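One structure is given here, and the rest of the page talks about it.
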Amino acid sequence: MDWSAAGAPLIAARAVHFAATAMTVGSIIFGVFIAKPVLRHHIAAAISFRRRTRPIIWASLVLAAISGAFWLLLEAASMSGMPLEKAVTADVLSTVVGETQFGEVTTIRAGFVICLAACLVYDRAVTTQWLGLAAAVGFACSLAWTGHAGSTIGVEGYLHLAADALHVVAAAAWIGGLASLIAFLTTTQIHDDTSLARDAVGGFSTLGVVSVGVVLLTGVVNAAILVGSLHALVATEYGRVLTLKIGSFAAMLAYAAINRLRLTPQLAFIGQEQSSVALRRLIRNSAIETALGLGILVMVGVLGTLHPAIHLVEPESSW
Amino acid sequence: MRIQSSTFFVIPLLLLLASGEAGAHATLDHAEPRVGNKVASPPHEVTLTFTQKLEPAFSSVTVTGPSGQRVDVGKARVSGNQMSVSVKGVGAGTYHVNWRVLSVDTHTTDGSFTFQVGP
């Protein structure tokens, strides 16, 4: 049996797309649930924060759209079995877009991008803010239909889809939210007012716990379906990449634990040197956490091209 | 504090089992006629069942008879994780089935097997 090999361009396109999606969605979620409530009585700080984050959101959204389009072209080449330059034809692309689940989901996700962009342009109204949040969440969770979860058969398939959709949204909220947290903490007016930083870090800490809880529960479901055993984790290429991901994730959570349990309480010492030092360390640790999170997304880009561990250790005796 | 700290280190170990966007590939679960088996008379169709849902637009199967000629008739029919193709019987001997499928999660796989027709 000859497994088709996915190339570096496909891995790169997937990784960039996941990272850009996480940044976009996480920033939107951070803005609605953290920044807006904390800054509602601090107009100058709110304007300053918006000026810092809005270019990041736009850049991430554009990058997500471009990498998504490139991903579609690479998949068209892979599906048709033709080189990229020959696969980019109206015939092949219309078949991929109109007759495959990946193409249909990509079209829907393009709609989410357009909706989100429109909401960002007209974001003064409360309605468009919530509509933008809904579009962002839809943009993230629809990724589940492009992966393994979308092809799992039977009742298990519905469970897998639900778990994967929640998994993606929770991961995006955490990793993308970290980037917004850094932007928040380094905004001048906020940096000089430790109470704002304390409130935002406290809110993000709660968001982080919820995200971790969701990722944990959905991760167990995904693990049961895709890995199945510790033997599969160590005996396959898929398992070894996953182990590397485990190491990165452990490091990421270690930093999160330090931030939550050690540095956040020190922000309570308003006006003291201790809180300033804690704030600087929080920013540094959050940057390291973000880098680790982006590294994990690259690994997810690789994992998607490998054969799931559970299939490689199962006997093919059902024939 | 110790309990909370421990939790933060246990969680990642469990979390990391989660693969998120992990991709899969459709493998042949079983076929009718069964892979490698012998049947008394030529089948009217060959049905392949895979481990994943398939994309009809990019999934195909061919069947060749004992003398190497194509015996599959018409286009393969795909429904969910099953693919079938009609076959015209040409007598006893070894039939070769070659398949190439695209699973819904965008991975292409191919393979082949044989079955025997005869007493």
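Protein chains in written order, with our numbering: chain A, 1 to 319; chain B, 1001 to 1119. Note that beta-carbon positions come from the ideal geometry of N, C-alpha and C, so glycine has one too. Given the structure is predicted, the values throughout are model-derived calculations rather than measurements.
(message) Does A:K86 come out as helix, strand or coil in the three-state DSSP assignment?
(response) Taking the first sequence and counting its residues from 1, the one referred to as residue 86 of chain A is at position 86. Residue state, collapsed to three classes: helix.
(request) Following the continuous beta strand (DSSP E) through B:Y1095, name the residue where it begins and the one where it ends. (result) Start at 1 with the first residue of the second sequence, and residue 1095 of chain B comes out as number 95. Counting along the chain, the beta strand (DSSP E) containing B:Y1095 begins and ends at 1093 to 1102.
(request) Look up A:S237 in the DSSP assignment and say whether it is helix, strand or coil. (result) For the purposes of this step, residue 237 of chain A is taken as the residue at position 237 of the first sequence. The sequence given here places Glu at residue 237 of chain A; Ser does not occur at that position. Correct three-state label for A:E237: helix.
(request) Determine the direct distance from the alpha carbon of A:F204 to that of A:A172, and round the result to whole angstroms. (result) The count along the first sequence starts at 1 and reaches residue 172 of chain A at position 172. The count along the first sequence starts at 1 and reaches residue 204 of chain A at position 204. Between A:A172 and A:F204, the C-alpha separation is close to 13 Å.
(request) Measure how close the beta-carbons of A:F112 and A:A135 come, nearest whole angstrom, since I'm counting them as under 8 Å. (result) Here residue 112 of chain A is taken as the residue at index 112 of the first sequence, counted from 1. Here residue 135 of chain A is taken as the residue at index 135 of the first sequence, counted from 1. About 5 Å; that satisfies the 8 Å criterion.
(request) Determine the DSSP secondary structure at A:L185, reduced to helix, strand or coil. (result) As a first step, residue 185 of chain A must be located in the first sequence, where it is residue number 185. Residue state, collapsed to three classes: helix.
(message) What would DSSP say about B:K1038, mapped onto helix, strand or coil?
(response) Working through the second sequence from its first residue, we reach residue 1038 of chain B at position 38. Strand, per DSSP.
(message) Could you check whether the Cβ of A:A8 sits closer than 9 Å to any Cβ belonging to chain B?
(response) Here residue 8 of chain A corresponds to residue number 8 of the first sequence, with the count starting at 1. By this cut-off, A:A8 is not an interface position.
(request) Compute the Euclidean distance between the alpha carbons of A:A45 and A:S195, then round it to the nearest angstrom. (result) As a first step, residue 45 of chain A is located in the first sequence; it is residue number 45 there, counting from the start. As a first step, residue 195 of chain A is located in the first sequence; it is residue number 195 there, counting from the start. If you take the alpha carbons of A:A45 and A:S195, they lie about 13 Å apart.
(message) When you compare the CB of A:E289 with every CB in chain B, is at least one pair closer than 9 Å?
(response) Position 289 of the first sequence, counted from the first residue, corresponds to residue 289 of chain A. Not an interface residue.
(request) Output the boundary residues of the beta strand (DSSP E) element that contains B:R1077. (result) Numbered from its first residue, the second sequence carries residue 1077 of chain B at position 77. Looking at the DSSP string, the run of the beta strand (DSSP E) that includes B:R1077 is 1072 to 1079.
(message) Quick check on B:Y1095: buried or exposed, where buried means 16 or more other Cβ atoms within 10 Å of its Cβ?
(response) For the purposes of this step, residue 1095 of chain B is taken as residue 95 along the second sequence, with counting starting at 1. B:Y1095 comes out buried.
(request) Would you mind stating whether A:L178 and A:G301 have Cβ atoms separated by less than 9 Å? (result) Counting from one through the first sequence, the residue named residue 178 of chain A turns up at place 178. Counting from one through the first sequence, the residue named residue 301 of chain A turns up at place 301. No.
(message) Strictly under 9 Å for the Cβ-Cβ distance: is A:V96 near chain B by that measure?
(response) Along the first sequence, read from residue 1 onward, the residue named residue 96 of chain A stands at position 96. Yes, A:V96 lies at the interface with chain B (some Cβ there is under 9 Å from its Cβ).
(request) With a 10 Å radius around its C-beta and 16 neighbouring C-beta atoms as the bar for buried, classify A:V234 as buried or exposed. (result) As a position in the first sequence, residue 234 of chain A is number 234, starting the count at 1. By the 10 Å Cβ count, A:V234 comes out exposed.
(request) Round the Cβ separation of B:L1028 and B:S1103 to the nearest angstrom and send it over; I've been treating them as touching at under 8 Å. (result) As a first step, residue 1028 of chain B must be located in the second sequence, where it is residue number 28. As a first step, residue 1103 of chain B must be located in the second sequence, where it is residue number 103. Not a contact, Cβ separation roughly 12 Å.
(request) Determine which residues of the segment 64 to 93 of chain A have a Cβ less than 8 Å from any Cβ of chain B, and write them out in chain order. (result) E75, S78, M79, S80, G81
(message) Within 9 Å of any Cβ in chain B, is that where the Cβ of A:E156 sits?
(response) The count along the first sequence starts at 1 and reaches residue 156 of chain A at position 156. Answer no: the Cβ-Cβ gap between A:E156 and chain B never drops below 9 Å.
(request) Excluding the 5 residues preceding and the 5 following A:F30 in the sequence, name in chain order all residues of the same chain whose CB lies nearer than 6 Å to its CB. (result) As a first step, residue 30 of chain A is located in the first sequence; it is residue number 30 there, counting from the start. If you ignore the 5 residues before and after A:F30, its C-beta comes within less than 6 Å of the C-beta of G177, S180, all in its own chain and listed in chain order.
(message) By the 9 Å beta-carbon criterion, what residues does the segment 118 to 150 of chain A contribute toward chain B?
(response) L143, A144, W145, T146, G147, H148, A149, G150
(request) For A:S341, count neighbouring C-beta atoms within 10 Å of its own C-beta (all shown protein chains included) and say buried if the count is 16 or more, exposed if not. (result) Here chain A comprises residues numbered 1 to 319, so residue 341 of chain A is not present and cannot be evaluated.
(request) Give every residue of the same chain whose Cβ lies closer than 7 Å to the Cβ of A:F249, excluding the five residues on either side of it in the sequence, and list them in chain order. (result) In the first sequence, residue 249 of chain A corresponds to position 249, counting from 1. Answer for A:F249: I296, listed in chain order.
(request) List the residues of chain A whose Cβ lies closer than 8 Å to the Cβ of B:A1076, in chain order. (result) Numbered from 1 along the second sequence, position 76 holds the residue referred to as residue 1076 of chain B. By Cβ distance, chain A contributes nothing, its closest Cβ being about 14 Å from B:A1076, past 8 Å.
(request) Under 8 Å between beta-carbons, which chain A residues line up against B:S1103? List them in chain order, please. (result) Counting from one through the second sequence, the residue named residue 1103 of chain B turns up at place 103. Within chain A, the residues near B:S1103 are S151.
(request) Give the straight-line distance between the Cα atoms of A:F49 and A:S80, rounded to the nearest whole angstrom. (result) For the purposes of this step, residue 49 of chain A is identified with residue 49 of the first sequence, where counting begins at 1. For the purposes of this step, residue 80 of chain A is identified with residue 80 of the first sequence, where counting begins at 1. Computed Cα separation, rounded: 46 Å.
(message) Using only CA atoms, which one of B:P1042, B:T1049, B:V1117 lies nearest to B:S1079?
(response) Here residue 1079 of chain B refers to the residue found at position 79 of the second sequence. Residue B:T1049 is the option with its Cα nearest to B:S1079.
(message) Less than 6 Å between C-beta atoms, sequence neighbours within five positions excluded: which residues of the same chain meet that for A:A251?
(response) Walking along the first sequence from the start, residue 251 of chain A turns up at place 251. For A:A251, where only same-chain residues beyond five positions count, the Cβ hits under 6 Å are L292.
(request) Within its chain, find whatever has a CB closer than 7 Å to the CB of A:Q274; leave out the 5 residues flanking it on each side and keep chain order. (result) Indexing the first sequence from 1 puts residue 274 of chain A at position 274. Excluding residues within five positions, the ones whose Cβ falls inside 7 Å are Q266.
(message) Please list, in chain order, the chain B residues whose beta carbon lies closer than 7 Å to that of A:E237.
(response) Taking the first residue of the first sequence as 1, we reach residue 237 of chain A at position 237. Residues of chain B passing the Cβ test: none, with the nearest at roughly 12 Å.
(message) With a threshold of 8 Å (Cβ to nearest heavy atom), would A:R281 be considered close to the ligand MG?
(response) This structure lacks the ligand MG, and indeed carries no ligand of any kind.
(request) Please report how far the alpha carbon of A:L72 lies from the alpha carbon of A:A110, in whole angstroms. (result) Along the first sequence, one-based indexing puts residue 72 of chain A at 72. Along the first sequence, one-based indexing puts residue 110 of chain A at 110. A:L72 and A:A110: Cα-Cα distance of roughly 11 Å.
(message) Going by DSSP in three states, A:H231 sits in which element: helix, strand or coil?
(response) To locate residue 231 of chain A, count along the first sequence from 1; it is residue 231. Helix.
(request) Mind listing the chain B neighbours of A:F33? Cutoff is C-beta to C-beta under 8 Å, in chain order. (result) Taking the first sequence and counting its residues from 1, one reaches residue 33 of chain A at position 33. Per Cβ cutoff of 8 Å: no residues; A:F33 is ~22 Å from chain B at best.
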